[in-house]
Amino acid sequence: MTNQRSASSQHAPVTVIGLGPMGLALAETLWDHGHTTTVWNRTPEKADSLVTKGVHRPGTVAEAVSASPVTIICLKDYETMYEVFDSAGDALKGRVLVNLNSGTPKEAHAAVSWATERGASYLDGAIMVPPPLVGQPGSVFIYSGSQDVFDEHRATLASMGDPRYLGSEPGLAVLYNTALLEMMYATMNGYLHATAMVGSAGVSAVKFAELAIDWFMPTVLGPMLAEDAPDLDKGNYPGDLGTLEMNLNALEHITRTSEEQGVHTDQPRLMQKIASRAIADGHGGKNYLAVFEVFKKATQAP
């Protein structure tokens, strides 16, 4: 991210509400891309570095929203958004709100109603990269809700990162975000547990990563999951190359090895439990993908 203002022509003015690390990155990127930028934060001092560059810092939320046709919201959650904009009054009328908070699909739907009642257009979204990658090639932002709003302001959104429109369903962006975060944490937990397992034999994390990260994930796991995606949509889990019952045997070995090596066993036990549930539901002769049928159903009370 450069500290020099873009030499390109001036773009549409934009306001950023919320100046945590991500909000600061958004505001700086928008400014660097030639947007007249206004910011507001409950702790005004967080904007000092931006103000020295020429970014505007009004005293109230109403003034900040009124300064631009589009306001980017980067706050903790939806409740915080409501609290912050409570004092904005009529300033929201005729404005566009692009909310990059985290939360749930139900909260996204409620936010659409909240914005509509105040005369504002609304687009829900999520940031899929950490602050240092905002505005960089390969950064992705996802959005859902009004396609008219997305299309009209796509150029502004593109200043922050590659804008991906998921559809008119308002809750899709936050749902995608939550699903991808779950995948991130589950993958990290799998890698960390595996690293602890080989680490019990004195293998360094750096050494293990050479095989696990540099080869296994991009060469084996990633392509395999991409190839299997159509079967998930079809509910097709042929067991000719390996059944779920065979995979349960491997999961039992992971648990037993964890016990022998003196590392945590909760995670492999949970994987065993899920596979056992799928087998109990009649999927034992299918491949491991059949656990997808377990995941699609709500957890039953014990």
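For the sequence shown, our numbering gives the first residue as 1314, with consecutive numbering after it. Just so you know, even glycine gets a beta-carbon here, dropped at the ideal spot from N, CA and C. Only a predicted model underlies this, so the values are computations on that prediction, with no experimental measurement involved.
4 or more residues per run - each alpha helix (DSSP H) lying fully within the stretch 1503-1535: 1518-1524
Neighbourhood of Lys-1366 by C-beta distance below 7 Å, restricted to the same chain and skipping five residues each side: Trp-1344
Nearest to Asp-1464 (by Cα), restricted to the options Pro-1357, Val-1411 and Met-1510: Val-1411
Pick from Leu-1470, Ile-1455 and Ala-1375 that is closest to Gly-1480, judged by C-alpha positions: The shortest Cα separation from Gly-1480 among Leu-1470, Ile-1455 and Ala-1375 belongs to Ile-1455.
Cα-Cα separation between Leu-1332 and Thr-1417, rounded to whole angstroms: 22 Å
C-alpha gap between Ala-1563 and Gly-1474, whole angstroms: 42 Å
Check whether Leu-1554 and Ala-1591 have beta carbons under 8 Å apart: No, the pair does not count as a contact, with Cβ atoms beyond the cut-off.
Straight-line gap, Thr-1508 to Ala-1539 (C-alpha atoms, nearest Å): 25 Å
Minimum C-alpha distance to Ser-1400 - residue among Tyr-1391, Asn-1414, Lys-1419 and Glu-1376: Glu-1376
C-beta atoms of Gly-1552 and Gly-1598 nearer than 8 Å: Yes.
Distance, Asp-1546 Cα to Ala-1424 Cα: 31 Å
N- and C-terminal bounds of the alpha helix (DSSP H) containing Ala-1588: 1579-1591
Integer Cβ distance of Pro-1444 from Pro-1334, believed to fall under 8 Å: With 8 Å as the limit, Pro-1444 and Pro-1334 qualify as a contact, their Cβ atoms being about 5 Å apart.
Check: Thr-1373 C-beta below 7 Å from any heavy atom of the ligand PLP: Within the structure as shown, the ligand PLP is missing, as the structure has no ligands at all.
Candidates Lys-1359, Val-1327 and Arg-1355: closest to Val-1374 by CA position: Arg-1355 is the residue among Lys-1359, Val-1327 and Arg-1355 whose C-alpha sits nearest the C-alpha of Val-1374.
Gly-1336 - containing alpha helix (DSSP H), residue span: 1334-1345
Asn-1562, DSSP secondary structure in three states: helix
Reduced DSSP category for Val-1462 - H, G, I as helix; E, B as strand; rest coil: Here DSSP, grouped into helix, strand and coil, assigns Val-1462 to helix.
Candidates Pro-1371, Asn-1502, Ser-1452 and Ser-1434: closest to Ser-1459 by CA position: That would be Ser-1434, whose Cα lies nearest to the Cα of Ser-1459.
Closest by C-alpha distance to Gly-1438, when choosing among Val-1383, Ser-1415 and Thr-1342: Ser-1415
N-terminal and C-terminal residue of the beta strand (DSSP E) that Ala-1325 is part of: 1324-1330
Proximity winner among Asp-1361, Thr-1328 and Arg-1569, relative to Ala-1404 (alpha-carbon distances): Thr-1328
Distance, Leu-1534 Cα to His-1506 Cα: 17 Å
Nearest-angstrom Cα separation, counted from Ser-1513 out to Thr-1578: Rounded to the nearest angstrom, the gap between the Cα atoms of Thr-1578 and Ser-1513 is 13 Å.
Per-residue DSSP class, three states only, for Asp-1399: coil
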